[in-house]
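A.B. asks: Numbering (my numbering), first residue to last: 68 to 332. Virtual Cβ for every residue (Gly too), placed ideally from N, Cα, C.
So this is what it looks like as structure tokens:
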């Protein structure tokens, strides 16, 4: 009831501003400011320039952006396929089996991502499946790390589905495969697009496991940012970070539009 009063709304907005600005907005604004700077001698970056962005959208940085986009797209699609299949399978299991399957998919989230990277490196560095030194090992690690989020998102959506639609289709003689493709999956489409967007964003920003696995010719953008700042190139690294944020936000906005259209179908 508090937020329905004028005083309550002001208090809520004030609290939001006090928490949001220092914790989230201000650090991002500092990164954006640093991306346009040449030096930092005072409290804030100074020396306005766009040269940092000129180098951030060409050469190795552009290649790293392409690598991140391809990796995130592949990982999110694979995670969505595996997570959706697992969620549909879990819905047919009893309570104990469902818990076991959920725990299996949540395991990569329960341990540090660097441990997942090490596990993938050890598991796929020898025949018969030798992926070390290839782009596939990076995509695989990202898929493992984000599949849990796709699984949980789709599982929650399946629980909310009205079984009457499936029962009506079955009563009309529709086969299970037809019910899945023509009834259940279209109803799940908004949740599927949301899960894909989340997986994409998480993959775009993944660093810990990637640092252990990436080959020289497959360097994602977060690694590029880390190496730039580690060399002391703070301002060029900030520009690359802004490019990463912008690319991720653009994809998420596109996914949001698709999700909105799917919700009104």
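1) Count the other CB atoms, across all protein chains shown, that sit within 10 Å of the CB of residue 77; report buried if there are 16 or more and exposed otherwise.
2) Per the DSSP calculation, residue 106 is bridged to which residue(s)?
3) My guess is that residue 132 and residue 288 are in contact by the Cβ rule of under 8 Å, so how many angstroms apart are they, rounded?
4) With a CB to CB cut of under 8 Å and the five nearest residues on each side skipped, what residues in its chain are close to residue 228?
5) Whole angstroms is fine: what's the gap from residue 176's alpha carbon to residue 121's?
6) If you measure between the beta carbons of residue 142 and residue 258, is that distance less than 7 Å?
7) Compare the Cα-Cα distances from residue 211 to each of 81, 118, 123, 144 and report the closest residue.
8) Could you compute how far the alpha carbon of residue 214 sits from the alpha carbon of residue 323?
9) Just confirm the distance between the C-beta atoms of residue 154 and residue 225, as a whole number of angstroms; I'd bet it's less than 8 Å.
10) If we ignore side chains and look at the alpha-carbon of each, how far apart do residue 171 and residue 181 end up?
11) To the nearest angstrom, report how far apart residue 173 and residue 264 are at their CA atoms.
12) From residue 249 to residue 230, what does the alpha carbon distance come to, in whole angstroms?
13) Between which two residues does the alpha helix (DSSP H) containing residue 172 stretch?
14) Helix, strand or coil for residue 233, going by three-state DSSP, please let me know.
15) If contact is defined by three or more beta carbon pairs under 8 Å, each pair taking one atom from either stretch, is the region 300 to 310 in contact with the region 95 to 109?
16) Leaving out the 5 sequence neighbours to the left and right, which residues in its chain are closer than 7 Å to residue 114 when beta-carbon positions are compared?
C.D. replies: Checking against the coordinates, here is how it stands:
1) Here the question's residue 77 lines up with position 10 in the chain shown. Classification for residue 77: exposed.
2) Position 39 of the chain shown, counted from the first residue, corresponds to residue 106. In the DSSP output, where bridge partners are listed per residue, residue 106 has 113.
3) The sequence position of residue 132 within the chain shown is 65, counting from 1. The sequence position of residue 288 within the chain shown is 221, counting from 1. Your pair residue 132 and residue 288 checks out as a contact, with CB atoms roughly 5 Å apart and the cut at 8 Å.
4) As a working mapping, residue 228 is identified with position 161 in the chain shown. Once the five neighbours on either side are set aside, the close Cβ partners of residue 228 are 251, 254, 255.
5) Numbered from its first residue, the chain shown carries residue 176 at position 109. Numbered from its first residue, the chain shown carries residue 121 at position 54. Answer to the nearest angstrom: the Cα atoms are 37 Å apart.
6) Here the question's residue 142 lines up with position 75 in the chain shown. Here the question's residue 258 lines up with position 191 in the chain shown. No; because the gap between Cβ atoms is not below 7 Å, this pair is not in contact.
7) In the chain shown, the residue the question calls residue 211 occupies position 144. Answer by Cα proximity: 144.
8) Sequence index remark: in the chain shown, residue 214 carries index 147 (1-based). Sequence index remark: in the chain shown, residue 323 carries index 256 (1-based). Straight-line Cα distance between these residues: approximately 20 Å.
9) As a position in the chain shown, residue 154 is number 87, starting the count at 1. As a position in the chain shown, residue 225 is number 158, starting the count at 1. The C-beta distance from residue 154 to residue 225 rounds to 6 Å, short enough to meet the 8 Å contact threshold.
10) In the chain shown, counting from the first residue as 1, residue 171 sits at position 104. In the chain shown, counting from the first residue as 1, residue 181 sits at position 114. CA-CA distance, residue 171 to residue 181, rounds to 18 Å.
11) Mapped onto the chain shown, residue 173 falls at position 106. Mapped onto the chain shown, residue 264 falls at position 197. Between residue 173 and residue 264, the alpha-carbon positions lie close to 19 Å from each other.
12) Mapped onto the chain shown, residue 249 falls at position 182. Mapped onto the chain shown, residue 230 falls at position 163. Between residue 249 and residue 230, the C-alpha separation is close to 14 Å.
13) The residue you call residue 172 lines up with position 105 of the chain shown. For residue 172, the enclosing alpha helix (DSSP H) covers residues 162 to 177.
14) The sequence position of residue 233 within the chain shown is 166, counting from 1. If DSSP states are grouped into helix, strand and coil, residue 233 belongs with the helices.
15) For the pair of segments examined, the region 95 to 109 was found to touch the region 300 to 310: the number of CB pairs separated by less than 8 Å reaches three.
16) Residue 114 sits at position 47 when you count from the first residue of the chain shown. For residue 114, where only same-chain residues beyond five positions count, the Cβ hits under 7 Å are 104, 105, 106.
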